[in-house]
Amino acid sequence: MSKNKQALIALQELGLIETNANAIDKSGQTDLANGDSQEDTPWFLQLFFGFSGLLASLFFIGFLTFILDSTGALDSAVAIGIIGLLLNVSGFLLFKYERRRDNVFLNSLALMISVAGQSYVIYALSESGIATPFSVWIFLLLQSALTLIVPSFMYRLLSSVVTFGCVVYLLNYYYLPEISLGLLALVAVVSHLQRYKLLQRVPTKWRAGSLEIIKAVGYASALMLLCVSVYFIAAEYGRGFDSDGEPFNYNYYLAQGLLTLASLYAAYLILKRYHIKWQSAVGLIIGGAIAIIGFISIYVSGLLATSLIIVIAMANGQRTLLGIGIFALVCYVFWYYYQLDTSLLIKSASMLIVGMVLLLVRFLLIKRYFAESLTDRASDSQERLL
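The sequence shown begins at 1435 in my numbering and counts up one residue at a time.
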């Protein structure tokens, strides 16, 4: 048996990938050609199929709405809600069937039907006369349940993004918008850096599905963190989510403090991975740098948020997340710099200070600490040889 087949069997025994009858037979032989799942599809192809499913759902919603309007069913919120739930059930069954067949067409079809069902549920809740916070809570619970049970990574990713959007809406509705950044950053840190510790608490037979859920939640929290960190800066000069249209009051110090604490926790987990103590020179330098950057970028929270995503991606070797973080950082710097709310001189000075702090930290870590540690290791090895 080859090493690839042995590794595949070991991963299946740990529960990190699902056991497929077509992949492993009774003799222990593995057919990698038949055992390929949707996870083996490149991310850009999954993204393309996801967009195709969303685009098809728009045409499907238009076609179905035209039929329902001609029959008068759109006048009843209960009927629209029942139709939306039936579409969600149909999409779930298609996802279950596609999971066994590994059919790309069925996956896009199931995504199209599910998105249409979610749209009709939203419309039914908005037309039902239920108060705004309760309708959002109902939709939040529905999305959370579907994220757990629907066996599709793309659907779980979209559903997680919608779920976090509902959480941000509710926090803003209850006048707690400052918690959003810290909460999203904490979820992103735990889901990416503590992924396998979380899986150890899950039974083996459920680990494959749980790993997919954690991945979807991790990417969704990172995307929502990047969006929210930009939105609140723009919202200072606009209005909040609430329907009363009250001026948006935002405590930047509290929000930035929570985001900085989440970043410090991420640094602690990464240092712990490499057996570096938090009280060591490297730990103190990194902690101090994060605190300084957090203090400097109080009104520019997007810089710390994008930097956190980039560091997490580099620590885990996630090229997709790294690309998203770098793209968001470049776009955010351009967006922030050319806003007309503050003089360009102040913005240039703030970004210059942040850049100088980062370069100084890099110099201290690489030129001082790591060079000395390598020299000490070389001298120790020479003494052992002698």
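C-beta: ideal position from N, C-alpha, C; glycine also.
Environment of I1514 [buried if 16+ CB atoms lie within 10 Å]: Indexing the sequence shown from 1 puts residue 1514 at position 80. Buried.
If you pair each beta-carbon of the segment 1539–1548 with each one of the segment 1477–1492, do three or more pairs fall below 8 Å? yes
Counting along the chain, where does the alpha helix (DSSP H) carrying R1707 start and finish? Counting from 1 along the sequence shown, the entry for residue 1707 is found at position 273. Element bounds for R1707: Y1686 to R1707.
Excluding the 5 residues preceding and the 5 following T1566 in the sequence, name in chain order all residues of the same chain whose CB lies nearer than 6 Å to its CB. The residue you call residue 1566 lines up with position 132 of the sequence shown. Contacts found: none.
Take every Cβ of the segment 1776–1790, pair it with every Cβ of the segment 1742–1762, and state whether three or more of those distances are shorter than 8 Å. no
Which same chain residues end up closer than 7 Å to G1759 when comparing Cβ atoms and leaving out the 5 residues on each side of it in sequence? The sequence position of residue 1759 within the sequence shown is 325, counting from 1. For G1759, where only same-chain residues beyond five positions count, the Cβ hits under 7 Å are T1740, I1743, I1744 and A1747.
Contact between the segment 1641–1658 and the segment 1589–1598: three or more CB pairs below 8 Å? yes
Cβ neighbour criterion (16 or more within 10 Å) applied to V1526: Numbered from its first residue, the sequence shown carries residue 1526 at position 92. For clarity, residue 1526 is Phe in the given sequence; the question names Val instead. F1526 comes out buried.
Local Cβ density within 10 Å of D1459, reported as buried at 16 or more and exposed below that: As a first step, residue 1459 is located in the sequence shown; it is residue number 25 there, counting from the start. Interpretation of D1459 is limited by its pLDDT of 40, a score under 50 that renders its predicted location unreliable; no figure is taken from the coordinates.
Classify L1755 as helix, strand or coil using the three-state DSSP reduction. In the sequence shown, residue 1755 corresponds to position 321, counting from 1. Helix at L1755.
Closest to G1789 by CA distance: which of W1769, G1728 and Q1628 is it? Against the sequence shown, residue 1789 aligns to sequence position 355. Answer by Cα proximity: G1728.
Alpha carbon to alpha carbon, what distance is there between S1697 and G1860? Nothing about residue 1860 can be read from this structure; the chain reaches only from 1435 to 1820.
Drop a sphere of 10 angstroms on the beta-carbon of T1638, count the other beta-carbons inside from all chains shown, and report buried for 16 or more, exposed for fewer. Within the sequence shown, residue 1638 is the residue found at index 204, counting from 1. Looking at its Cβ environment, which holds fewer than 16 other Cβ atoms inside 10 Å, T1638 is exposed.
Inter-residue spacing [alpha-carbon to alpha-carbon] between L1633 and S1644: Your numbering for residue 1633 matches position 199 in the sequence shown. Your numbering for residue 1644 matches position 210 in the sequence shown. In a straight line, the C-alpha of L1633 is about 7 Å away from that of S1644.
Cut-off 8 Å between Cβ atoms - residues of its own chain near V1584, not counting five sequence neighbours on either side: In the sequence shown, the residue the question calls residue 1584 occupies position 150. G1525, F1526, F1529, S1548, R1590 and S1593, listed in sequence order.
Would you report the Cα separation of E1561 and L1502, rounded to the nearest angstrom? The count along the sequence shown starts at 1 and reaches residue 1561 at position 127. The count along the sequence shown starts at 1 and reaches residue 1502 at position 68. If you take the alpha carbons of E1561 and L1502, they lie about 16 Å apart.
Rounded to the nearest angstrom, how far is the Cβ of L1693 from that of G1599, given a contact under 8 Å? Indexing the sequence shown from 1 puts residue 1693 at position 259. Indexing the sequence shown from 1 puts residue 1599 at position 165. Rounded, the Cβ-Cβ distance is 18 Å, inconsistent with contact.
Distance between L1705 and L1778 (C-alpha atoms, nearest Å): Taking the sequence shown and counting its residues from 1, one reaches residue 1778 at position 344. Taking the sequence shown and counting its residues from 1, one reaches residue 1705 at position 271. Each residue's alpha carbon lies about 37 Å from the other.
Spatial neighbours of L1657 in its chain, beta-carbon cut-off 8 Å, leaving aside the 5 residues before and after: Your numbering for residue 1657 matches position 223 in the sequence shown. Answer for L1657: V1595 and I1758, listed in chain order.
Inter-residue Cα distance where the pair is D1509 and V1555: Residue numbering aside, residue 1509 sits at position 75 when the sequence shown is read from its first letter. Residue numbering aside, residue 1555 sits at position 121 when the sequence shown is read from its first letter. Rounded to whole angstroms, D1509 to V1555 spans 14 Å at the Cα level.
Per DSSP, what kind of secondary structure is V1731 in: helix, strand or coil? Start at 1 with the first residue of the sequence shown, and residue 1731 comes out as number 297. The question names Val, but residue 1731 is Ser in the sequence shown. Here S1731 sits in coil by DSSP.
Nearest-angstrom Cα distance between I1724 and S1731? Here residue 1724 is taken as the residue at index 290 of the sequence shown, counted from 1. Here residue 1731 is taken as the residue at index 297 of the sequence shown, counted from 1. Looking at the two C-alpha atoms, the distance is approximately 10 Å.
Taking the continuous alpha helix (DSSP H) assigned at V1636, which residues delimit it? Looking up residue 1636 in the sequence shown gives position 202. Counting along the chain, V1636 falls outside any alpha helix (DSSP H), and DSSP gives it neither H nor E.
May I have the straight-line CA-CA distance separating K1631 from A1701, to the nearest angstrom? For this step, residue 1631 is matched to residue 197 along the sequence shown. For this step, residue 1701 is matched to residue 267 along the sequence shown. Going from the Cα of K1631 to the Cα of A1701 covers about 17 Å.
Using a 10 Å radius around the Cβ and a threshold of 16 neighbouring Cβ atoms, would you call I1800 buried or exposed? For the purposes of this step, residue 1800 is identified with residue 366 of the sequence shown, where counting begins at 1. Label assigned to I1800: exposed.
So, is S1625 buried or exposed, given that buried needs 16 or more other C-beta atoms within 10 angstroms? For the purposes of this step, residue 1625 is taken as the residue at position 191 of the sequence shown. With 16 or more other Cβ atoms within 10 Å, it is buried.
Taking DSSP as the reference, what is the three-state secondary structure of N1537? To locate residue 1537, count along the sequence shown from 1; it is residue 103. DSSP places N1537 in coil when its eight states are reduced to three.
For the ligand MG, is there any heavy atom lying closer than 6 Å to the beta carbon of I1760? By its list of ligands, the structure shown contains no ligand whatsoever, and the ligand MG lies outside what it can speak to.
Output yes or no for whether 7 Å exceeds the beta carbon distance between P1611 and L1605. The count along the sequence shown starts at 1 and reaches residue 1611 at position 177. The count along the sequence shown starts at 1 and reaches residue 1605 at position 171. Cβ distance < 7 Å, so P1611 and L1605 count as in contact.
From the DSSP output, in three-state form, read off I1800 for me. Residue numbering aside, residue 1800 sits at position 366 when the sequence shown is read from its first letter. In this structure, I1800 counts as helix in the three-state DSSP scheme.
For F1797 and S1586, the rounded distance between their alpha carbons: The residue you call residue 1586 lines up with position 152 of the sequence shown. The residue you call residue 1797 lines up with position 363 of the sequence shown. About 44 Å.
On the DSSP letters alone, give me the boundaries of the alpha helix (DSSP H) that S1614 sits inside. The residue given as residue 1614 occupies position 180 in the sequence shown. I1613 to L1627 is the span of the alpha helix (DSSP H), which, as asked, contains S1614.
Where the alpha helix (DSSP H) containing P1585 begins and where it ends: The residue given as residue 1585 occupies position 151 in the sequence shown. No alpha helix (DSSP H) contains P1585, which DSSP labels as neither H nor E.
CA-CA distance, R1673 and W1712? Working through the sequence shown from its first residue, we reach residue 1673 at position 239. Working through the sequence shown from its first residue, we reach residue 1712 at position 278. Confidence in R1673 is poor, its pLDDT being 46 and thus under 50, which makes the residue's placement unreliable; the coordinate value appears in the next sentence. When rounded, the distance between both Cα atoms is 41 Å.
At the level of alpha carbons, what is the spacing between A1654 and A1511? Within the sequence shown, the letter at position 220 stands for residue 1654. Within the sequence shown, the letter at position 77 stands for residue 1511. Answer to the nearest angstrom: the Cα atoms are 30 Å apart.
Give every residue of the same chain whose Cβ lies closer than 8 Å to the Cβ of V1791, excluding the five residues on either side of it in the sequence, and list them in chain order. Start at 1 with the first residue of the sequence shown, and residue 1791 comes out as number 357. Within the same chain, V1791 has close Cβ partners A1723, I1726, I1727 and I1730.
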